[in-house]
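Note sheet for the following structure.
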Amino acid sequence: MDSIVLSKKDFKSLKDLIYSSSGIHLHEGKIELLKSKLAKRMRLTKKSYSDYLSYLHSTQREVIEFIDTVTTNHSFFFRENNSIEHIINQFKQYPKLHTKEFKIWCAACSTGDEPYSVAVQLKEAGLSFSILATDISHTVLDVAQKAVYRDNKTQKIPLSILHRYFQKGSGKYKGFVKVKPEIKKHIQFDKFNLINDAPPPLKFDAVLCRNVMIYFDLKTSESVVNKLYQVLNTNGYFAIGNAESLMNMKHNFNSVKKIPSLYIK
Ligand SMILES: C[S@@+](CC[C@H](N)C(=O)[O-])C[C@H]1O[C@@H](n2cnc3c(N)ncnc32)[C@H](O)[C@@H]1O
3 MDSIVLSKKD
13 FKSLKDLIYS
23 SSGIHLHEGK
33 IELLKSKLAK
43 RMRLTKKSYS
53 DYLSYLHSTQ
63 REVIEFIDTV
73 TTNHSFFFRE
83 NNSIEHIINQ
93 FKQYPKLHTK
103 EFKIWCAACS
113 TGDEPYSVAV
123 QLKEAGLSFS
133 ILATDISHTV
143 LDVAQKAVYR
153 DNKTQKIPLS
163 ILHRYFQKGS
173 GKYKGFVKVK
183 PEIKKHIQFD
193 KFNLINDAPP
203 PLKFDAVLCR
213 NVMIYFDLKT
223 SESVVNKLYQ
233 VLNTNGYFAI
243 GNAESLMNMK
253 HNFNSVKKIP
263 SLYIK
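In the working numbering, the protein residues as written are 3 to 267.
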């Protein structure tokens, strides 16, 4: 990694590439992080620094791989669960509950912890539902599809739910759990770039876009928020991360009392 001397010009061109491809805004404090990501891709592609840069700037497939290494994918089960609890409590009061299938979109689902957390709670509530779970990174989507997790990621899952919907691993899977098929079958995982992709032609009862806009600037976040507004049903919920806010953005959501990270259309 020491062999990489990232000039200001190279940093700017990489920063611009990352921004235009993913919306992720890198400031100068991230130079060391960027160097480590470059080193990783150089190792895997067996290219020198200058060869790698030209390759990256001329190969769309490599841009995808590079963005994949740059994204922050930290997630865990039952993270910031108060907004999800609120949404489900409201769903339970829906007038024609027995005929309703609730549609939810987890729009930056990372390794799947979030959509599986939503799914087990909807199942517990006896609701009928389907979840679209998307992310820009194919690596995290692979993990999500496998649905196998280390024990330490599941600490916030109530024990009764853990026992009911997760299978405990044994042998080489000791220390791991696997989401049961009865939960998996409700979730469709797909690649989706919040910045460049057109949203699916569907309407949702809730859209979760949590802990991703912290990596975007205001202009990008505002455009994502308004894009997601379009795919929500009237009275549909929009959840963001606890560290995020819609302040200073132009949008048409109303806030939900006492839950700062939750909005309603
Ligand atoms: C920190 S994780 C958040 C996961 C989950 N929503 C949560 O709150 O735990 C952020 C995710 O956003 C994804 N991401 C970053 N830029 C994206 C984009 N432009 N479109 C879609 N997903 C993106 C990353 O790949 C990563 O998996």
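By construction, the Cβ of each residue, glycine as well, lies at the ideal position given by its N, Cα and C atoms.
Item to check | Close-in-space but distant-in-sequence residues of the same chain around residue 130 (CB under 8 angstroms, 5 per side omitted) | outcome: As a working note, residue 130 is residue 128 in the sequence shown. So the qualifying residues of the chain are 102, 103 and 104.
Checklist entry - Which residues mark the beginning and the end of the beta strand (DSSP E) in which residue 269 is found? => result Any property of residue 269 remains undetermined from this structure, which presents the chain solely from 3 to 267.
Checklist entry - Does DSSP classify residue 127 as helix, strand or coil? => result Looking up residue 127 in the sequence shown gives position 125. Residue 127 falls in the coil class under three-state DSSP.
Next on the checklist: Which residue wins for smallest C-alpha separation from residue 229, given the options 202, 140, 243 and 37?
Outcome noted: By 1-based counting over the sequence shown, the position of residue 229 is 227. The residue from 202, 140, 243 and 37 with its alpha-carbon nearest to that of residue 229 is 202.
Checklist entry - Could you give the uninterrupted runs of the alpha helix (DSSP H) lying entirely in the stretch 179-251, keeping only those of 4 residues or more? => result Correct list: 183-186 and 220-232.
Next on the checklist: Can you tell me whether residue 192 sits near ligand 1, meaning its C-beta is under 6 angstroms from at least one heavy atom of the ligand?
Outcome noted: The residue you call residue 192 lines up with position 190 of the sequence shown. Because no heavy atom of ligand 1 lies under 6 angstroms away, the Cβ of residue 192 does not count as near it: no.
Next on the checklist: Pop quiz: residue 112 and residue 142 are said to be a contact at Cβ under 8 angstroms. What is the actual Cβ separation, rounded to whole angstroms?
Outcome noted: The count along the sequence shown starts at 1 and reaches residue 112 at position 110. The count along the sequence shown starts at 1 and reaches residue 142 at position 140. 5 angstroms between Cβ atoms; contact.
Checklist entry - In terms of residue numbering, what span does the alpha helix (DSSP H) encompassing residue 63 cover? => result The residue you call residue 63 lines up with position 61 of the sequence shown. Taken as a continuous stretch (DSSP letters only), the alpha helix (DSSP H) holding residue 63 covers 62-72.
Next on the checklist: For residue 47 and residue 38, what's the separation of their Cα atoms in angstroms?
Outcome noted: Here residue 47 is taken as the residue at index 45 of the sequence shown, counted from 1. Here residue 38 is taken as the residue at index 36 of the sequence shown, counted from 1. Straight-line measurement puts the Cα of residue 38 at about 14 angstroms from the Cα of residue 47.
Checklist entry - Are there three or more Cβ pairs, one per stretch, closer than 8 angstroms when the stretch 84-96 is compared with the stretch 40-57? => result The stretch 84-96, when compared against the stretch 40-57, does not touch it at the 8 angstroms Cβ threshold.
Next on the checklist: Tell me the DSSP secondary structure of residue 134 in three-state form.
Outcome noted: Residue mapping note: residue 134 aligns to position 132 of the sequence shown, counting from 1. The three-state reading of DSSP puts residue 134 in strand, counting E and B together.
Checklist entry - Since residue 121 and residue 194 are thought to touch, with beta carbons under 8 angstroms apart, how far apart are those beta carbons, to the nearest angstrom? => result Residue 121 sits at position 119 when you count from the first residue of the sequence shown. Residue 194 sits at position 192 when you count from the first residue of the sequence shown. The Cβ separation is near 18 angstroms, so there is no contact.
Checklist entry - Got a sec? Which residues, its chain only, sit under 6 angstroms from residue 134 by beta carbon, not counting five neighbours each side? => result As a working mapping, residue 134 is identified with position 132 in the sequence shown. Here the set comprises 107 and 190.
Item to check | Any non-hydrogen atom of ligand 1 within 6 angstroms of residue 121 CB | outcome: The count along the sequence shown starts at 1 and reaches residue 121 at position 119. It does not: the Cβ of residue 121 is nowhere closer than 6 angstroms to a heavy atom of ligand 1.
Item to check | alpha helix (DSSP H) segment containing residue 86, residue limits | outcome: The residue you call residue 86 lines up with position 84 of the sequence shown. Annotation for residue 86: the continuous alpha helix (DSSP H) segment containing it runs 84-93.
Checklist entry - Helix, strand or coil: how does DSSP classify residue 6 here? => result As a position in the sequence shown, residue 6 is number 4, starting the count at 1. Here residue 6 sits in coil by DSSP.
Checklist entry - Using the rule of at least 16 other Cβ atoms within 10 Å of the residue's Cβ for burial, across every protein chain shown, is residue 11 buried or exposed? => result Taking the sequence shown and counting its residues from 1, the one referred to as residue 11 is at position 9. For residue 11, the number of other beta carbons within 10 angstroms of its own is below 16, and it is reported as exposed.
Next on the checklist: Short of 7 angstroms in beta carbon distance, which residues of its chain neighbour residue 3, apart from the five on each side in sequence? Order them along the chain.
Outcome noted: Here the question's residue 3 lines up with position 1 in the sequence shown. With a pLDDT of only 46 at residue 3, under the threshold of 50, the placement of this residue in the model should not be trusted; the figure read from the coordinates follows. These residues qualify, in order along the chain: 37, 38 and 41.
Next on the checklist: Can you tell me whether residue 214 sits near ligand 1, meaning its C-beta is under 6 angstroms from at least one heavy atom of the ligand?
Outcome noted: Within the sequence shown, residue 214 is the residue found at index 212, counting from 1. Yes; taking the cut-off as 6 angstroms, the Cβ of residue 214 has a heavy atom of ligand 1 nearer than that.
Checklist entry - How long is the line joining the alpha carbons of residue 82 and residue 16, rounded to whole angstroms? => result As a first step, residue 82 is located in the sequence shown; it is residue number 80 there, counting from the start. As a first step, residue 16 is located in the sequence shown; it is residue number 14 there, counting from the start. Cα-Cα distance, rounded: 33 angstroms.
Item to check | Where the alpha helix (DSSP H) through residue 163 begins and ends | outcome: The residue labelled residue 163 in the question sits at position 161 within the sequence shown. For residue 163, the uninterrupted alpha helix (DSSP H) segment begins and ends at 161-167.
Item to check | Proximity test, residue 241 beta-carbon vs ligand 1 heavy atom, cut-off 6 angstroms | outcome: One-based indexing of the sequence shown puts residue 241 at position 239. Residue side-chain check: residue 241 keeps its Cβ at 6 angstroms or more from all non-hydrogen atoms of ligand 1.
Checklist entry - Looking at residue 180 and residue 169, is the spacing between their C-beta atoms short of 7 angstroms? => result Within the sequence shown, residue 169 is the residue found at index 167, counting from 1. Within the sequence shown, residue 180 is the residue found at index 178, counting from 1. A contact, by the Cβ cut-off of 7 angstroms.
Checklist entry - Between the C-alpha atoms of residue 144 and residue 159, what's the straight-line distance to the nearest angstrom? => result In the sequence shown, the residue the question calls residue 144 occupies position 142. In the sequence shown, the residue the question calls residue 159 occupies position 157. Cα-Cα distance, rounded: 22 angstroms.
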